[in-house]
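Protein chains in written order, with our numbering: chain A, 792 to 1197; chain B, 40 to 496; chain C, 94 to 238.
Glycine residues also receive a C-beta, built at the ideal position from the N, C-alpha and C atoms.
Take a look at the structure set out below.
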Amino acid sequence: MRECKIVSSRFHLKGSHTFRVAKENGVYKSLEKVKGYIPLEIIEIIKESGLRGKGGGGAFAGEKWALMPQNSTKPSFLVVNCDESEPGTFKDRQIISQDPHLLIEGILITCYAIKARHAYIYIRGEYKPFQDILQGAIDEAYQEGLLDTCDITIHRGAGAYICGEKSALLESLEGKRGHPRLKPKQKEPEWFFGNPTLVNNVETIATVPFILENGADAYKAFGTQKSAGTLLFAMSGHINRAGVYEAEFGTPMMEYINYFGGGIKNGKKLKAIIPGGASTPILTAEEVSKATLDYETMRSLGSALGTGGMIVMDEDTCMVEVLKNLLEFYHEESCGQCTPCREGTGWTDKLVGKILNKEGTKKDIDKLLEVATTMNGKTICVFAPAVSGVITAFLTKFRDEFEVKL
Amino acid sequence: MSEMIDIVVDNKTYKAKEGSLLIDLLIKEKIKVPYFCYHEALGADGNCRMCMVEIEGQKRPQISCDTFIKANMKVHSTGNNIEKVRRDILELELINHPVDCPVCDQAGECSLQDFYMDYGLHNSEVLIQEKIKHTKHIDLGANVILDQERCVLCARCTRFTEKITKTHELGIIGRGDEARVSTMPHRKLHNPYAMNVVDLCPVGALTSKDFRFSQRVWFLQTVNSICHGCAKGCNIFIDHNKIKYKDDLIYRFRPRRNDEVNGFFMCDEGRLSYKALQDNRQEVTLLNAKAITEEEALLEAKRLIEEYENNISVVIDANLYTQEIEAILEFSKKIGASAYAPLEVYYDENFKDDMLKSANRGANSQTIELLTIDTSTPKESGLVINFNHPDTFNSETVINFLTHKKALNSLIFPMAVFTENTGTLRNEEGIVQHCEQAIFKNTPIPTLIETVKKIQL
Amino acid sequence: MSFHFSEENILKINALKKRYPSSKSLSLPCLWMVQYQEGYISLDAMDTISKIIDMPSMEIYRVATFYSMFRLSSSDKLTISLCKTLSCKLCGSDKILKHLKEKEVNIELVECLGSCGTAPVMQINDTFYENLTLETVDKILEELE
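And the structure:
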């Protein structure tokens, strides 16, 4: 385990959120370098670095940036996704409250590369205290004349997990309900009032200054071949030192848990970990022992890296209760637009509730798996497929716990 | 750019415009595909997920309402895979749907019922006790009743008030499976086309207060006709039935699609105009407000016509069929009368809007114009023979042909309304449209053509 | 009966309008302003917003009912948003809930507040209260009286 402080290098400093302290410690240095490049060159550097989106999807950032038109008659926009509502995830809040100027620096570079003159930061409604810190930093940046070529506006959400989905986010930014949009058949930018728009996660943008300052190779020096760089991984649940700790991709999961997390609380044994926020399929302790924290390995284990927010569960945890808790979350957060998700999230929640109350039958378990299939691949967005994956993982790996309750 | 290309659906080749919607082709070629939320007037919403088809080369089934026709596309609308997908999605539509069929007006013309019979036939296997509860029979105003539990959230009604009438009374509120259609609290549905949402609703969530509980639709018989409310000439279906011991009655008008005239909709006033047609009818011949026999009436008419020779005006209602107008003109010529068809009374600027409603409430006034009948006020005459024109006339004597009762002492002949007769009329754009006879009364009221023929001159 | 924005809020709205391609984006910012100004969002307020941002009242009502943080009715008691999602549950949110039920407060069970590392967590108005124990809960409620 080696130290990797790409986005968290100033977190420990007192007053790190202020312009004065951040500037003394290196913020905005990369802007000098950026002036020497044309926008397309910046996009090439980002592509070269292998930077992947840190909002849960892991799509290559450079490819997304390249979809933005360089010569549009319409204005281009950047939208920074700070809706961070995936259970187990609390990393973006660290950036905006402890090093907001780093984010602003990243926004300036990105806007230059995609020729945008306005960036919106969509922040979840519950994060008001951190929004205030971020706004303070933005005000400072305006005062320092840093935002002459690019405006930054914070747009506050109001309690809807689905607004973290990028098309739902844009609907919300356009003043409407957060209904995900039907997906286009070809690769194209996102659209904000019909204008080409790039949507990226906070941490993704916060990583950009390092890459521009130190070069694509410096970023690739961390992580694995296909998953370059670092992520603000997190741990919560039955772990001794819960929190956010930056580490490079490829770190073995158990090593991470022990080194940063200090092992399982109360000396218990590990039972399972949800590796990347609630929407990633759960891993048994055995799978955890084989897992490394990168996109490919997680995929090969039938799960996903997601946001890297690990939820740790000890040997006393009842998996039926855990699944019920998660399905209640999805039931509450479904936007309700399309049939399989709206009805499926409610139905599966109730079925697991029935099993939890010892009123379940084998038919209920079969039905759960059936509904999970119907929710997969037939909806407007990936919310329902994620729920489907969650249900299937629990029923496959911990079926005995469900059957015991029948 | 949109040229006609070949695509294959279920191993048959069809021609379609490149870039057009796949679902439009499926509908046009009558390839059965279920759907709730798509509607040609409202566009696609992609929320019901029922219209899924398999497209070769695509991993997952695609909704045909969001698929654009490309060259060499190969589509499968049937097959085990896609049939299972449909059944599963249908099952999810059904789990919270109340089993109201025995008391729901939509039964017999309900998409959910039809799709269940065509694609579902599931055993009832909800496995949980509680269906989701919402509010039932909410009076939205404008003769529309909402049952939130029956709603499949296809958003057709909300898109109608958003895109077509632009009045925004209806919307889907809440989130997830708490989502439901509603108006704002204490506000009502209030626009001249509100009742179209009843037709648009694929299930019994939106029903007509006017039609509520009055007929089971499988007893209704349907004919094609034209609304006579104004010169727009919206195409309609007339639904009627003759219940035992009652007369053949119209139970509702529904709009009939005509892309050249009214599109998919009609105004509420026109829709409800069937009621006045059947109410308060003039059914017998009268003189001085007393009933007389038809023979007596015909003789009196003949006598009056001979008495007022050369001093007769004939007045024609602009809502008559072309065939009736022509018969009257012939009759008028025969008796040496001057023919008039005053049109001013039909003009109502307040009725007009920028959708379907015309300021001209004379349904067949275009024919009047075309036949160059004098549209000014009839000059004073000894005898006026009025064929159902709404004005009253100053003259010594009047013979009235009336569809509806009026407190007059003149000689009165009853006459059939348009629903009791066939004929054609021209709308304000000159389009000739045909009406089938809907009603066959137990005691038929003669058409004016029949009566006029009987006057022995 | 009728709702009016404060002078300060009107200035804020006018400044915000310049930052978006369409005034329709201001639906959420305006709804928040109403909620902070009045404590909840009335239909009158929605009609007012409707005129300012040129969006039908029904659309504003739809937006207000979609997002869980908007309050459409007023309340006298203190409202506590207690996180019920997995990490907090694993760290004992049930015990905190049981304890809170004995108090004179509105308890709103909310989904993940993004504070999983310091679970269990509750939010009162905009402030986070983390690493909760029964004792700290009592202390917090006392201070808020």
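Apart from the five residues on each side of it in sequence, which residues of its chain come closer than 6 angstroms, Cβ to Cβ, to residue i?
i: SER434(B); result: SER420 and VAL423
i: GLU1078(A); result: LEU1092
i: GLU1064(A); result: Note that residue 1064(A) is Ile in the sequence shown here, rather than Glu. LEU1074, VAL1079, MET1101 and VAL1103, listed in sequence order.
i: MET112(B); result: ILE46
i: ALA455(B); result: ILE484 and THR486
For a contact defined as C-beta to C-beta under 9 angstroms, what are the partners of residue i on chain A?
i: CYS91(B); result: Rather than Cys, the amino acid found at residue 91(B) in this sequence is Met. LYS1169, listed in chain order.
i: ARG321(C); result: Absent from the structure is residue 321(C), since the part of chain C shown begins at 94 and ends at 238.
i: GLU132(B); result: THR1130 and GLU1134
Since residue i meets chain C, which of its residues come closer than 9 angstroms, beta carbon to beta carbon?
i: GLU1192(A); result: The contacting residues do not exist; GLU1192(A) stays about 16 angstroms from chain C at best.
I need the boundaries of the beta strand (DSSP E) containing residue i, first residue and last residue.
i: CYS140(B); result: First-last for CYS140(B): undefined, no H or E at that position.
i: PHE154(B); result: Run containing PHE154(B): none in the beta strand (DSSP E); it sits in the alpha helix (DSSP H), 150-154.
i: ALA910(A); result: 907-914
i: GLY1028(A); result: 1021-1028
i: GLU1037(A); result: 1034-1039
i: VAL114(B); result: 113-115
i: MET215(C); result: 215-217
i: TYR290(B); result: 287-294
i: TRP982(A); result: 981-983
i: ARG219(B); result: 219-221
So residue i packs on residue j, CB below 8 angstroms; how close in whole Å?
i: LEU395(B); j: CYS240(B); result: Contact doesn't hold; Cβ gap of about 20 angstroms is too wide.
i: ASN555(B); j: GLY309(B); result: Within the shown structure, residues of chain B are numbered from 40 to 496, placing residue 555(B) beyond reach of any answer.
i: HIS173(B); j: GLU130(B); result: Contact doesn't hold; Cβ gap of about 20 angstroms is too wide.
i: LYS51(B); j: MET43(B); result: The Cβ separation is near 16 angstroms, so there is no contact.
i: ASN86(B); j: GLN1128(A); result: 5 angstroms
i: ASP1155(A); j: LEU166(B); result: 6 angstroms
i: ILE184(C); j: VAL203(C); result: For the record, residue 184(C) in the displayed sequence is Cys; it is not Ile. CYS184(C) to VAL203(C), Cβ: 16 angstroms. No contact.
i: LEU368(B); j: ALA357(B); result: No, LEU368(B) and ALA357(B) are not in contact; Cβ-Cβ is about 14 angstroms, not under 8 angstroms.
i: ASP105(B); j: LEU973(A); result: 5 angstroms
i: GLU877(A); j: SER1070(A); result: 6 angstroms
i: TYR232(B); j: PHE304(B); result: 6 angstroms
Within 10 Å of its beta-carbon, does residue i have 16 or more other beta-carbons around it, so buried, or fewer, so exposed?
i: ALA959(A); result: buried
i: LYS54(B); result: exposed
i: VAL993(A); result: buried
i: ASN135(B); result: buried
i: LEU81(B); result: buried
i: ASN448(B); result: exposed
i: ASP186(B); result: buried
i: PRO1131(A); result: buried
i: GLY401(B); result: buried
i: LYS271(B); result: buried
i: PRO1066(A); result: buried
On the DSSP letters alone, give me the boundaries of the alpha helix (DSSP H) that residue i sits inside.
i: CYS123(C); result: 120-131
i: THR1130(A); result: 1130-1147
i: ILE412(B); result: Taken as a continuous stretch (DSSP letters only), ILE412(B) belongs to no alpha helix (DSSP H), as it is neither H nor E.
i: GLU1123(A); result: 1110-1124
i: ARG1190(A); result: 1190-1195
i: PRO830(A); result: 830-840
With a threshold of 8 angstroms on Cβ separation, who are the neighbours of residue i within its own chain once the five nearest residues in sequence on each side are excluded?
i: GLY806(A); result: VAL812
i: LEU227(C); result: LYS188, ILE189 and HIS192
Note down, in chain order, every chain A residue with its Cβ under 7 angstroms from the Cβ of residue i.
i: VAL124(B); result: LYS1169
i: MET148(C); result: GLY966
I want to verify the contact list: residues of chain B whose CB lies under 9 angstroms from the CB of residue i, in sequence order.
i: ASP874(A); result: Neighbours of ASP874(A) on chain B: none; closest Cβ ~15 angstroms, over 9 angstroms.
i: LEU136(C); result: MET223, PRO224, HIS225 and ARG226
Between which residues of its own chain and residue i is the CB-CB distance below 7 angstroms, once the five residues before and five after are set aside?
i: GLY1180(A); result: PRO1072
i: GLU148(B); result: VAL256
i: ASP430(B); result: PRO381 and VAL384
Determine the chain C residues that contact residue i at a beta-carbon separation under 7 angstroms, and present them in chain order.
i: ARG214(B); result: PHE159
i: HIS1029(A); result: LEU183
Name the chain B residues whose beta carbon is nearer than 7 angstroms to that of residue i?
i: MET151(C); result: HIS207, GLU208, GLY210 and MET223
Residue i: beta carbon under 7 angstroms from a heavy atom of the ligand GDP?
i: LYS1115(A); result: No copy of the ligand GDP occurs in the structure displayed, which carries no ligand at all.
By the criterion of Cβ-Cβ separation under 8 angstroms, what are the contact partners of residue i in chain A?
i: GLU201(C); result: By Cβ distance, chain A contributes nothing, its closest Cβ being about 10 angstroms from GLU201(C), past 8 angstroms.
i: CYS87(B); result: CYS1129 and THR1130
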